[in-house]
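Structure, as structure tokens:
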Amino acid sequence: MTDNNSYTISKKVKLANSIHLMDVIAPRVAAHCYPGQFIILIADEKGERIPLTICDYDREAGTVTIVFQALGNSTKLLAEYKEGDAFRDFTGPLGQRSELIKMPKEELSKKKVLFVAGGVGAAPVYPQVKWMKENGYEADCIIGARSKDLIILEDQIKQYAKNIYITTDDGSYGMAGNVNDCIKYLVNEKGQSYDLIVAIGPMIMMKYVCILTKELGIKTIVSMNPIMVDGTGMCGACRLTIGDQIKFACVDGPEFDGHLVNFDEAMNRLAMYKTQEGKSVLREREGDTHHHAGCECHDN
Amino acid sequence: MDVLKKVPIKEQDPKVRAKNFEEVCLGYTLDEAVAEASRCIQCKNAKCIKGCPVSIDIPGFINEVVNKDINEAYQIINKYSALPAICGRVCPQEVQCEQVCIRGIKGDPVSIGKLERFVADWARENGIKPSQPKNKNGRKVAIIGSGPAGLTCAKEMAEMGYDVTIFEALHEPGGVLVYGIPEFRLPKEAVVRPEIENVRALGVKIETNVIVGKSVTIDELMNDEGFEAVFVGSGAGLPKFMGIPGENANGVFSANEYLTRSNLMKAFDSSYDTPIITGKKVAVVGGGNVAMDAARTALRLGAEVTIVYRRSEEELPARIEEVHHAKEEGIHFQLLTNPKEILVDEKGWVKGMRCVRMELGEADQSGRRRPIEIEGSDFILDLNTVIMSLGTSPNPLIISTTKGLESNKYGCIVVDEATGLSSREGVFAGGDAVTGAATVILAMGAGKVAAKAMNDYLLSKNV
Ligand SMILES: Cc1cc2nc3c(=O)[nH]c(=O)nc-3n(C[C@H](O)[C@H](O)[C@H](O)COP(=O)(O)OP(=O)(O)OC[C@H]3O[C@@H](n4cnc5c(N)ncnc54)[C@H](O)[C@@H]3O)c2cc1C
Ligand SMILES: Cc1cc2nc3c(=O)[nH]c(=O)nc-3n(C[C@H](O)[C@H](O)[C@H](O)COP(=O)(O)OP(=O)(O)OC[C@H]3O[C@@H](n4cnc5c(N)ncnc54)[C@H](O)[C@@H]3O)c2cc1C
Ligand code: SF4
Ligand code: SF4
Ligand code: FES
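For the record, the sequence lines run as chains A and B. As numbered in the numbering used here, residues 12 to 311 make up the first sequence, in order. As numbered in the numbering used here, residues 5 to 467 make up the second sequence, in order.
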């Protein structure tokens with residue numbers, strides 16, 4: 012009952028087991044988006060509004076690149092879409108541009124910047140590293156994942172980062188350990204002095220990076236991915252405690268000063284429909300009344 | 005028949021409807037409508053018309069109902085309103101057209117709203133469409149937001165021959181009509197969608213998923229896309245919270261989130277993917293229409309629901325009919341009660357709410373008696389879910405991305421009341437974005453006023 016163009020998938024690439032990249036034709040978004048922002052898509056008539064970070068864009072072709080991990084019901088459904096298929100809805104860009112882009116040039120040029128990407132977090136980090144290079148700034152980048160097969164976008168990021176470091180929890184590729192081990196190694200052993208860290212990955216990773224960088228005294232920006240509904244400031248589902256203020260991630264963020272974020276509250280809220288714990292709490296609280304498919308799914 | 009009394013209208017039994025999302029009010033039959041319409045005394049100087057923000061020719065359409073020419077009745081209403089099946093259902097008639105109806109001086113006023121609803125429903129069921137605009141002038145105007153204000157402005161402009169495009173941020177058009185007001189008061193597929201389709205049938209284009217200010221700016225619409233004038237009907241969707249401890253616990257929602265999940269995202273229908281948390285015991289904080297809607301939604305999802313409101317029943321801002329329906333369905337009321345803190349369990353979920361009793365003191369500026377806490381009256385409500393329904397304000401997005409668009413301290417767009425013209429040339433505004441949260445029919449009235457002024461503006465620009 013509307014007069015939109017459809018949002019066709021012009022390209023699909025499998026980056027790793029269960030991680031997919033798609034270019035989607037969405038001219039209005041492509042014309043206005045910047046690194047740091049996100050989109051919301053709805054796969055079909057009965058789908059949820061799924062927020063995903065903008066990983067790249069081509070203003071001329073009118074396409075926006077997204078990368079997602081097929082975890083729960085909704086993202087698994089996305090993974091079934093093929094090149095040439097179309098999504099029902101695709102909207103954005105939402106949220107603020109990256110802090111780096113908003114920063115005055117003189118200030119940014121004086122800063123030594125390190126990106127820290129965990130898992131699918133490499134997707135939102137990529138456009139920022141690219142933007143830095145294309146605008147004449149240098150930056151280093153750590154990519155971390157559980158194991159080698161989950162490291163994504165390494166070649167793409169390599170094109171734009173000054174130095175790139177890989178870490179895997181199981182040691183199957185690059186350095187053995189987590190991203191914090193790598194930060195410590197770079198700062199304490201290699202004597203690197205970073206002024207600014209941009210850390211994007213699972214909340215738990217961002218939390219621990221922030222604990223470390225607070226000790227190290229390095230300002231850290233994180234990109235928060237709380238539960239969202241509209242993504243335009245209308246529902247408050249995405250609210251976070253930042254310092255002593257309540258902020259809506261979809262309009263005030265998604266990037267925030269990591270040292271001010273109340274991660275424990277954010278992780279708790281994220282689990283509302285999600286983790287095993289959240290689900291068992293739901294079951295305990297609601298018995299069989301909670302019939303919803305979206306909550307019976309996966310573990311991660 | 006007692007002419008002083010209105011013809012009663014059938015409703016679903018409270019016990020039954022408390023468990024379903026089907027419409028509460030079942031509407032008049034033709035015979036009942038004719039009987040009710042016959043109560044209208046066809047005043048020469050009909051006061052009721054002045055009580056209606058879009059000035060519907062009320063005696064005119066009612067007379068056609070008496071004649072059983074419902075088609076004609078519909079064509080009369082349609083001259084004034086694009087959304088009669090909606091207004092007939094959700095207009096606060098008791099403070100508008102019906103409040104000033106002559107019949108109301110001695111006895112019940114004519115059930116104007118219910119008759120309007122009957123006519124619109126009958127027209128829809130019998131496939132009657134509004135007539136097409138004759139001349140097209142090809143000049144482009146943009147409407148931002150597809151709520152009642154935007155839809156009305158679009159209809160008026162299209163009928164004057166303009167090439168109209170509505171830009172809507174969400175994936176469905178309708179504004180509060182689709183995301184806020186629940187199915188059981190305003191059926192979406194059966195009632196809202198066809199009325200929006202009627203607007204589209206006039207040639208109005210609706211582009212969803214466009215967030216003006218993000219996906220495109222007003223300046224770009226006017227400079228690059230050839231729109232000669234813009235109407236902003238972006239509503240007042242920003243929710244408020246109380247700022248009390250525990251408010252970010254799991255199980256605390258804004259009414260907007262709760263209602264959006266249920267209405268727009270259809271969480272009440274298990275074939276959709278959106279989850280919703282019901283909770284066995286739910287408190288809704290607030291006393292307006294929105295609070296009643298959230299409470300009655302939670303009830304239908306299986307919860308035991310209490311409304312917590314800091315003033316007394318007399319001050320409840322919700323429509324009397326809504327409060328009455330809520331009570332019938334078994335919603336509890338804790339009046340003269342104010343929350344102080346939300347209690348949270350060790351897993352981060354709501355487990356209760358500490359409240360305090362209030363008493364009413366002197367009247368404040370708004371003329372309502374100010375609630376004052378009674379010291380030492382704290383008590384705890386056992387709960388799993390809290391829904392905050394404390395009012396909303398306009399979203400700052402459009403104002404912050406449009407140079408020279410003036411707003412007041414509440415974030416409302418400042419306009420000239422007589423024309424809806426904002427501080428920017430060619431940019432008009434109306435509805436909740438200008439007044440703050442109000443009503444469907446006031447938003448429609450504003451859309452209409454602005455359409456007339458836009459036309460004047462565009463004609464004068466042409467010369
Ligand atoms: C700003 C932002 C950017 C994001 N960028 C990416 C990205 O680039 N790549 C990527 O893979 N993921 C990204 N995410 C996370 C992604 O949106 C969620 O993983 C996805 O919504 C989970 O859906 P699911 O049903 O597959 O998963 P499940 O884990 O099964 O989720 C269960 C339910 O929880 C809810 N839910 C859980 N997490 C979220 C969430 N963050 N937002 C909304 N609802 C949620 C949904 O209702 C869902 O049905 C982003 C999230 C946000 C807010
Ligand atoms: C739960 C609830 C119950 C209510 N019950 C009643 C009732 O019984 N009777 C009554 O008369 N009134 C009722 N109201 C109030 C009434 O719905 C509103 O006053 C009315 O809808 C306002 O109309 P509007 O067109 O100004 O805005 P809205 O209906 O709010 O529509 C605004 C539209 O603009 C869109 N928008 C916002 N920003 C942008 C942007 N930047 N770009 C593009 N689009 C944008 C929004 O997504 C939305 O669709 C109720 C409200 C609520 C929330
Ligand atoms: S639109 Fe509302 S105010 Fe006007 S006649 Fe109908 S019910 Fe009454
Ligand atoms: S005021 Fe009442 S009685 Fe008079 S015309 Fe209007 S509806 Fe009829
Ligand atoms: S997602 Fe609704 S306010 Fe942020």
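Note that the Cβ used here is the ideal one computed from N, Cα and C, for glycine as well.
Cβ-heavy atom distance, residue i to ligand 3, below 7 Å
i, result
"residue 266 (chain B)", "no"
Three-state class that DSSP yields for residue i in the structure shown
i, result
"residue 31 (chain A)", "strand"
"residue 234 (chain A)", "strand"
"residue 220 (chain A)", "helix"
"residue 25 (chain A)", "strand"
"residue 179 (chain A)", "strand"
"residue 19 (chain A)", "strand"
"residue 196 (chain A)", "helix"
"residue 80 (chain A)", "strand"
"residue 499 (chain B)", "Absent from the structure is residue 499 (chain B), since the part of chain B shown begins at 5 and ends at 467."
"residue 46 (chain A)", "coil"
"residue 311 (chain A)", "Any answer about residue 311 (chain A) is weak, because its pLDDT of 34 lies below 50 and its placement is not dependable; what the coordinates show is given next. DSSP places residue 311 (chain A) in coil when its eight states are reduced to three."
"residue 156 (chain B)", "helix"
"residue 86 (chain A)", "helix"
"residue 211 (chain A)", "strand"
"residue 109 (chain B)", "helix"
"residue 122 (chain B)", "helix"
Proximity test, residue i beta-carbon vs ligand 2 heavy atom, cut-off 7 Å
i, result
"residue 300 (chain B)", "no"
"residue 243 (chain B)", "no"
"residue 85 (chain B)", "no"
"residue 94 (chain B)", "yes"
"residue 217 (chain B)", "yes"
"residue 323 (chain B)", "yes"
Where residue i meets chain A, residues with beta-carbon distance less than 7 Å
i, result
"residue 276 (chain B)", "57"
"residue 258 (chain B)", "246 and 247"
"residue 173 (chain B)", "243"
"residue 261 (chain B)", "240, 246, 247 and 248"
Cβ-heavy atom distance, residue i to ligand 1, below 7 Å
i, result
"residue 87 (chain A)", "yes"
"residue 238 (chain A)", "yes"
"residue 90 (chain A)", "no"
"residue 263 (chain A)", "no"
"residue 277 (chain B)", "yes"
Under 7 Å from the C-beta of residue i: neighbouring residues of chain B
i, result
"residue 152 (chain A)", "Neighbours of residue 152 (chain A) on chain B: none; closest Cβ ~28 Å, over 7 Å."
"residue 40 (chain A)", "219"
"residue 276 (chain A)", "252"
Proximal residues of chain A, C-beta to C-beta of residue i below 8 Å
i, result
"residue 264 (chain B)", "240, 241, 245 and 246"
"residue 450 (chain B)", "Those do not exist, as residue 450 (chain B) stays about 20 Å from chain A at its closest Cβ, beyond 8 Å."
"residue 269 (chain B)", "59, 60 and 240"
Listed by chain order, chain A residues near residue i by CB distance under 9 Å
i, result
"residue 245 (chain B)", "247, 250 and 257"
"residue 241 (chain B)", "241, 243, 244, 245 and 246"
Within chain B, partners of residue i - CB distance below 9 Å
i, result
"residue 236 (chain A)", "Under the 9 Å cutoff, chain B gives no residues; its nearest Cβ is about 16 Å from residue 236 (chain A)."
"residue 158 (chain A)", "Ordered by position in chain B, no residue passes the 9 Å Cβ test against residue 158 (chain A), which lies about 30 Å from the chain."
"residue 280 (chain A)", "252, 253, 254 and 352"
"residue 20 (chain A)", "Correct list: empty, because the minimum Cβ distance to chain B is about 16 Å."
Amino acids of chain B, ordered along the chain, whose beta-carbon sits closer than 8 Å to that of residue i
i, result
"residue 284 (chain A)", "279 and 281"
"residue 85 (chain A)", "277"
"residue 15 (chain A)", "211, 212 and 213"
"residue 53 (chain A)", "175"
"residue 43 (chain A)", "218, 219 and 220"
Any non-hydrogen atom of ligand 4 closer than 7 Å to residue i Cβ
i, result
"residue 51 (chain B)", "yes"
Residue i beta carbon near ligand 5 (any heavy atom closer than 7 Å)
i, result
"residue 193 (chain A)", "no"
"residue 247 (chain A)", "yes"
"residue 260 (chain A)", "yes"
"residue 241 (chain A)", "yes"
At what residue ranges does the segment 228-307 of chain B contain a whole run of the alpha helix (DSSP H), taking only runs of 4 or more?
259-263 and 293-304
If you measure beta-carbon to beta-carbon, which residues of the segment 92-105 of chain A are closer than 9 Å to chain C?
Among the protein chains of the structure shown, namely A and B, there is no chain C.
Could you pull out every unbroken beta strand (DSSP E) segment of at least 3 residues lying fully inside the segment 319-396 of chain B, listed in chain order?
336-338, 341-348, 354-367, 373-377, 383-386 and 389-392
What runs of the beta strand (DSSP E), each 3 residues or longer, lie entirely inside the segment 387-449 of chain B?
389-392 and 431-433
Which ranges would you report for the alpha helix (DSSP H) in the segment 25-98 of chain B if only whole runs of at least 4 residues count?
34-41, 51-55, 62-70, 74-84 and 88-94
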